[in-house]
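Numbering (this note's numbering), first residue to last: 2 to 241.
Heads up, the beta-carbon is just placed ideally off N, CA and C, and yes, glycines get one too.
Down below is the structure, laid out as structure tokens.
This is the structure:
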């Protein structure tokens, strides 16, 4: 006699393995290339058993970013790869190393828990190195005195000429003078929004920033994103 209760059909869901890749692309090599396409092709050529992307089953599922904004160079970029077979980090690094383009340098490969948030979600602080001749703008204060003040005012200007003054202090985590021609500026994410270092630098140099600042940068300066960090409950920063 059959049992009154039906048997539930067992569904075998493949286990997914998440690998976090940290890499660096040379400025020359990536200037005219789409870096996301480059790393996607690298994974395709590696022979690794990847989980397909939802939008295209022939492509690997990847989580890239956050990418450096316009006018910035990144010393560390991030890529999460989702695999369907268990492999160690060394095997993944070896497979990618064989097929990577010459302008990409692999910095680290590690397996992370599948449930760990993406770098895009995890990052709360970004550290930048800014290089250039600050003296040509003759700022009235040292960067430490300006950025450590209780209020940091930035003037934004509309095309009509109308200006508004905003306080950008909540975005500034810290600043450090490295040399007469270099400083390190650490910025924090506020309610999901990031401030570009070009904008923060403009406040110190006394420059107005356009309201529409998507393509805005400060000529004569190099903006290098050194790394992204997550912040623990005690306020300490940890490099991703």
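Task: Cutoff 7 Å; reference residue 50; Cβ partners in own chain excluding five residues on either side - done: The count along the chain shown starts at 1 and reaches residue 50 at position 49. Excluding sequence neighbours, residue 50 sits near 84, 85 and 86.
Task: Same chain, Cβ closer than 6 Å to residue 148, neighbours up to 5 away in sequence not counted - done: Working through the chain shown from its first residue, we reach residue 148 at position 147. For residue 148, where only same-chain residues beyond five positions count, the Cβ hits under 6 Å are 173 and 176.
TODO: Report the residue ranges of all beta strand (DSSP E) runs contained in full by the segment 169 to 211; include only those spanning at least 3 residues, in chain order.
DONE: Runs found: 173 to 180 and 183 to 189.
Task: Buried/exposed call for residue 182, threshold 16 Cβ in 10 Å - done: What you label residue 182 is simply residue 181 of the chain shown in a count that begins at 1. Exposed, by the Cβ-count rule.
Task: Through-space distance from residue 235 to residue 169, alpha-carbon basis - done: For the purposes of this step, residue 169 is taken as residue 168 along the chain shown, with counting starting at 1. For the purposes of this step, residue 235 is taken as residue 234 along the chain shown, with counting starting at 1. Straight-line Cα distance between these residues: approximately 23 Å.
Task: Distance between residue 162 and residue 208 (C-alpha atoms, nearest Å) - done: Here residue 208 is taken as the residue at index 207 of the chain shown, counted from 1. Here residue 162 is taken as the residue at index 161 of the chain shown, counted from 1. Going from the Cα of residue 208 to the Cα of residue 162 covers about 14 Å.
- [ ] Measure the C-alpha to C-alpha separation of residue 146 and residue 18 and round it to an integer number of angstroms.
- [x] Position 145 of the chain shown, counting from 1, holds the residue named residue 146. Position 17 of the chain shown, counting from 1, holds the residue named residue 18. So the two alpha carbons sit approximately 47 Å from each other.
Open item on the list: Quick check: what's the CA-CA separation for residue 185 versus residue 102?
Closed with: Taking the first residue of the chain shown as 1, we reach residue 185 at position 184. Taking the first residue of the chain shown as 1, we reach residue 102 at position 101. C-alpha separation (whole angstroms): 30 Å.
TODO: Determine the direct distance from the alpha carbon of residue 119 to that of residue 93, and round the result to whole angstroms.
DONE: Residue 93 sits at position 92 when you count from the first residue of the chain shown. Residue 119 sits at position 118 when you count from the first residue of the chain shown. Roughly 19 Å separates the two Cα atoms.
- [ ] Alpha carbon to alpha carbon, how far is residue 202 from residue 130? Give it in angstroms, no decimals.
- [x] Here residue 130 corresponds to residue number 129 of the chain shown, with the count starting at 1. Here residue 202 corresponds to residue number 201 of the chain shown, with the count starting at 1. Rounded to whole angstroms, residue 130 to residue 202 spans 11 Å at the Cα level.
Task: Anticipated Cβ contact below 8 Å, residue 132 with residue 227, distance rounded - done: Residue 132 sits at position 131 when you count from the first residue of the chain shown. Residue 227 sits at position 226 when you count from the first residue of the chain shown. Not confirmed; about 12 Å, so no contact.
TODO: Within 10 angstroms of the Cβ of residue 97, are there 16 or more other Cβ atoms? Answer buried if so, exposed if not.
DONE: Residue 97 sits at position 96 when you count from the first residue of the chain shown. Buried, by the Cβ-count rule.
TODO: Measuring alpha carbon to alpha carbon, tell me which of 205, 140, 89 and 55 ends up nearest residue 155.
DONE: In the chain shown, the residue the question calls residue 155 occupies position 154. Closest by alpha carbon: 205.
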